[in-house]
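Chains as they are written, first to last, in this note's numbering: chain A, 83 to 197; chain B, 162 to 276. These notes are about the structure you will find just below.
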Amino acid sequence: DGGITQSPKYLFRKEGQNVTLSCEQNLNHDAMYWYRQDPGQGLRLIYYSQIVNDFQKGDIAEGYSVSREKKESFPLTVTSAQKNPTAFYLCASIQTTGVTNEKLFFGSGTQLSVL
Amino acid sequence: AQSVAQPEDQVNVAEGNPLTVKCTYSVSGNPYLFWYVQYPNRGLQFLLKYITGDNLVKGSYGFEAEFNKSQTSFHLKKPSALVSDSALYFCAVRRFGGGSYIPTFGRGTSLIVHP
């Protein structure tokens, strides 16, 4: 089955620790995105990448970092600089070149909590 | 700036009754509008989209949405609600900027269908 896989499903972070959330897609999509979901605030864009080896800050990038070394992978690191990391994190992808059906595909999410 | 607003945090409807989940948009140029649904602890799933053409768009699970340019609205509708429709619904718009494709979401509306 084609899709997006996020891991782990649950993650706990200790004070001062960096943690990395994994996102892998086998849809051959060009663009990938990371969103943060907090109750009542909808989805807020953290980072996005339109092509390999390139990425852009979204609306709430402070305290986060990403890489896009391979087309299928877009890991998100939550650094110790992110003082309120507890949230549900969603990875998404879409085909943006050639024929696009304008449909965004999502992973099942990672719930990050602070110990 | 391209954005969408969902004025209702929660919508309650009895099973079998018609439902409407509201969305208004603020877009310069022609809007690309979408509806997604999220079930608990899962990623979002695409329901339908409006790019151009007929103002009434049909999507998955019997949902439809009406694009109204004069009222800048894109309300989600279903003629007869099911208990299984209970979920979180997000309206979204495609933001354009510097050649980038940036999906931007509203805050979400919780739909509760009572038996």
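Glycine included, each C-beta is placed from N, C-alpha and C at the ideal position.
When CB distances to chain B are screened at a threshold of 9 Å, the residues of the segment 127-161 of chain A falling below it are Leu127, Tyr130, Gln132, Gln138, Gly140 and Asp141, in chain order. Using a Cβ-Cβ cut-off of 7 Å, alanine 113 of chain A is close to Tyr262 of chain B, given in chain order.
C-alpha of asparagine 135 of chain A to C-alpha of aspartate 112 of chain A: approximately 11 Å in a straight line.
According to the DSSP secondary-structure assignment, valine 172 of chain B is paired through a beta bridge with B/Leu272.
Within 10 angstroms of the beta-carbon of glutamine 119 of chain A lie 16 or more other beta-carbons, which makes it buried. For valine 182 of chain B, the enclosing beta strand (DSSP E) covers residues 180-182.
Separation of serine 231 of chain B and valine 174 of chain B (C-alpha to C-alpha, rounded to the nearest whole angstrom) is 27 Å. For tyrosine 117 of chain A, the uninterrupted beta strand (DSSP E) segment begins and ends at 113-120. Scanning B/His236, B/Arg256, B/Tyr222 and B/Thr233 for the CA closest to the CA of serine 245 of chain B turns up B/Tyr222. With respect to the C-alpha of isoleucine 263 of chain B, the residue from B/Ala253, B/Thr270 and B/Asn216 having the closest C-alpha is B/Ala253. With a beta-carbon spacing of about 7 Å, phenylalanine 251 of chain B and leucine 125 of chain A fall inside the 8 Å limit used to define contacts.
Excluding its 5 nearest sequence neighbours in each direction, tyrosine 197 of chain B has C-beta neighbours in its own chain below 7 Å: Leu205, Gln206, Phe207, Leu208, Phe251 and Ala253, listed in chain order. Glycine 190 of chain B counts as exposed, since fewer than 16 other C-beta atoms from the protein chains shown sit within 10 angstroms of its C-beta.
With a contact defined as Cβ atoms closer than 8 Å, threonine 185 of chain B and leucine 237 of chain B miss out at about 12 Å.
Closest option to asparagine 216 of chain B, judged by alpha-carbon separation, among B/Gln171, B/Phe195 and B/Tyr200: B/Phe195.
Think of a sphere of 9 Å around the beta carbon of asparagine 202 of chain B: the chain A residues whose beta carbon falls inside it are Lys91, Phe170, Ser190, Gly191 and Gln193, in chain order.
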